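Heads up, the thing below is written out as structure tokens.
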Ligand SMILES: [Zn+2]
């Protein structure tokens, strides 16, 4: 029997995508596919596990321009980026106090529709920022919807239509309308903003909307007796066939293009074709309007709208401020989600005997002279390099993310860049066994790492991270990750909870570093280890004999060498024959240096670091 691979992988993709969002927002998300629109509903908090409960409905219609997976990601986006369906519903009613109680308030309807267009743009931009794969998906869908030729017979001045046309890349339809540039700006303004972003932008264009509403109101009164049928058609959105004028216009155009008169039969064909396409256009537009009217169908947790957004009038200055804050808060939210994603994957991969710990905070001193000197060199190198690699603009490819999640490996590989896998990644891995306290070794190490972070400041295709490790008698290994300059303060001995990790589990220092290096994006990778004695590891209260443990460390090094040949181990302390023998045995003399004290080690690392960057970043591969 033939297995439909496509269906199976689709299903997996659906489940995993839901799974990721469930984790991120602490929710349970049900999915159903049935007739009707796409929507998502908030169903309250589960009393047992306090998770939020959501239900997503995806339209079972097969002939939609919106692929089902794209629709799913869109709905998940509403959940992940917290679309305030319910609070907005309440708020917008207040915007039209005279008629809100009538179900047919045109004003409230229009505000809703516009909010919805803006909100869709917002969530899709937020998702696109993280997931390159989805960016393409959304863009294609928007383009396809626009190409369906909706609205050639619509009221172009309608702000909802204007926004939708721009969103669907049909600027050509509305370029000449009064507020085209305002609406275009509005869609820009709403991108990558926080959960109130669409409301912020709605407030900023409310005057234009109200102007349109007022005009419509007066024209309705003025023409009440004329053209009643046409008016009714427009109001109730009933499809009308092509008028005689429209038909003539079409024939005229075709004849002009061909430069000859059409036969009666060809005219009939062309009119039939045009009629069909108008119907399709109309259906698409209708379904587009209906398909996603989440304010009617969807709901969310009810949270309060900040007072600065919940008032009647806003000055231009206030509006500017609102928009600015939206972008700021949006970026914050995006970062939070990104960090959660990274943390999740890490936890899943960590061996059971490794405990991620925090260590006591301690201050460090940056050697600004060194940092500045190195930074200058790096900047020069960057200028010379041809590449324009954007390391900050990280984008996760969800497909790859999902795949890696199942395999349990290598999350950072899903961070796509325009030029992936270029640049340099460096790990500084530090032994935090108890002996590192003496002679200020740990203090100097901390200062050194701080200085290195400082030196790559603004050097975009270079990334440093680090880890600090030790183990206890039962074999538990405490590891602290250094992922940014704030974490440098955590380079210290001991743990926040007071547990002692006094031994030197070099094998895990190596393997954990390997894991981090694998996750980093640079194609050229460097591992610098700092230790002050030979490795020693205890398990279940017993010391592992040196010869056995050294073999283990050698194996771990072999694993690292598969990721990068650039490994250097600095042993800080006086030369000691036995230690030298053990370490040379593990690392070979090529990768192992003894330095008499931490100051010397520090200088040595700066030198190595500089050489490495110079060699590998100057000509970026
Ligand atoms: Zn939506």
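In the working numbering, the protein residues as written are 186 to 806.
Where a beta carbon is used, it is the ideal one built from N, C-alpha and C, also for glycine.
Predicted, not measured: the structure shown is a model, and the values here were computed from it.
(request) Output the residue ranges of the alpha helix (DSSP H) runs that lie fully inside the segment 249 to 312 and measure 4 residues or longer, sorted by chain position. (result) 253 to 265 and 270 to 279
(request) Output the distance between the C-alpha atoms of residue 453 and residue 441, rounded to the nearest integer angstrom. (result) 17 Å
(request) Could you work out which residue in 683, 540, 671 and 697 is closest to residue 615 when comparing CA atoms only? (result) 697
(message) Shorter than 7 Å, the distance from the beta carbon of residue 305 to the closest heavy atom of ligand 1, or not?
(response) yes
(message) Are the CB atoms of residue 203 and residue 262 within a distance shorter than 8 Å?
(response) no
(request) Answer yes or no: does any C-beta atom of chain D fall closer than 8 Å to that of residue 795? (result) The question asks about chain D, but that chain is absent: this structure has only one protein chain.
(message) Taking 7 Å as the limit between beta carbons, can you name the residues of its chain near residue 757, skipping five residues before and five after?
(response) 626, 715, 717, 780, 782, 783 and 786
(message) Let me confirm a value: residue 556 is counted as buried when at least 16 other C-beta atoms fall within 10 Å, else exposed. Which label applies?
(response) buried
(message) Once the 5 residues before and after residue 231 are set aside, which same chain residues still bring their CB inside 7 Å of it?
(response) 213 and 238
(message) Using only CA atoms, which one of 560, 498 and 507 lies nearest to residue 279?
(response) 498
(message) If contacts are defined as beta-carbon pairs under 8 Å, then residue 343 and residue 397 qualify, I think. What distance do you get, rounded to the angstrom?
(response) 7 Å
(message) Let me check understanding here. Comparing Cα to Cα, which of 347, 662, 519 and 323 lies closest to residue 358?
(response) 347
(request) Count the other C-beta atoms from every protein chain shown that fall within 10 angstroms of the C-beta of residue 372, then say buried if there are 16 or more, exposed otherwise. (result) buried
(request) Can you say whether residue 741 is buried or exposed, counting buried as having 16 or more other CB atoms within 10 angstroms of its CB? (result) buried
(message) Just to confirm the assignment: which complete alpha helix (DSSP H) runs, minimum length 4, are found wholly within the segment 368 to 396?
(response) 382 to 389
(request) Alpha carbon to alpha carbon, how far is residue 754 from residue 745? Give it in angstroms, no decimals. (result) 13 Å
(message) Spatial neighbours of residue 271 within its chain, please: C-beta separation below 6 Å, excluding the five flanking residues on both sides.
(response) 484, 485 and 487
(request) Identify, in the order they occur along the chain, each residue of the same chain with its Cβ nearer than 7 Å to the Cβ of residue 383, setting aside the five sequence neighbours on each side. (result) 300, 303, 304, 307 and 375
(request) Report, in whole angstroms, the separation of the C-beta atoms of residue 363 and residue 351, which I expect to be a contact under 8 Å. (result) Wrong, their Cβ atoms sit about 14 Å apart, outside the cutoff.
(message) Just to confirm before moving on: does the CB-CB distance between residue 702 and residue 769 stay below 8 Å?
(response) no
(request) Please report the residue range of the beta strand (DSSP E) in which residue 240 lies. (result) 237 to 244
(request) Buried or exposed for residue 399, please, with buried defined as at least 16 other CB atoms from any protein chain shown within 10 angstroms of its CB. (result) exposed
(request) Report buried or exposed for residue 735, applying the criterion of at least 16 other Cβ atoms within 10 angstroms of its Cβ. (result) buried
(request) Taking the CB atoms as reference points, tell me whether residue 705 and residue 640 lie closer together than 8 Å. (result) no
(message) I'd like to confirm something about residue 263: is its beta-carbon nearer than 7 Å to some heavy atom of ligand 1, or not?
(response) yes
(message) If distances are taken between C-alpha atoms only, which option among 510, 672, 662 and 208 comes closest to residue 694?
(response) 662
(request) Would you list, in sequence order, the uninterrupted alpha helix (DSSP H) runs of no fewer than 4 residues that lie entirely inside the segment 635 to 715? (result) 691 to 704
(request) Go through its chain and collect everything with a Cβ distance to residue 550's Cβ below 6 Å, but skip five positions before and after it. (result) 632
(request) Counting only runs of 4+ residues fully inside the segment 611 to 638, write out the alpha helix (DSSP H) ranges in chain order. (result) none
(request) Return the residue from the list 491, 636 and 792 that minimises the CA-CA distance to residue 552. (result) 636
(request) Measure the CB-CB distance between residue 258 and residue 322 and report whether it falls below 8 Å. (result) yes
(request) Confirm the yes/no value for this check: CB of residue 259, any heavy atom of ligand 1, distance under 7 Å. (result) yes
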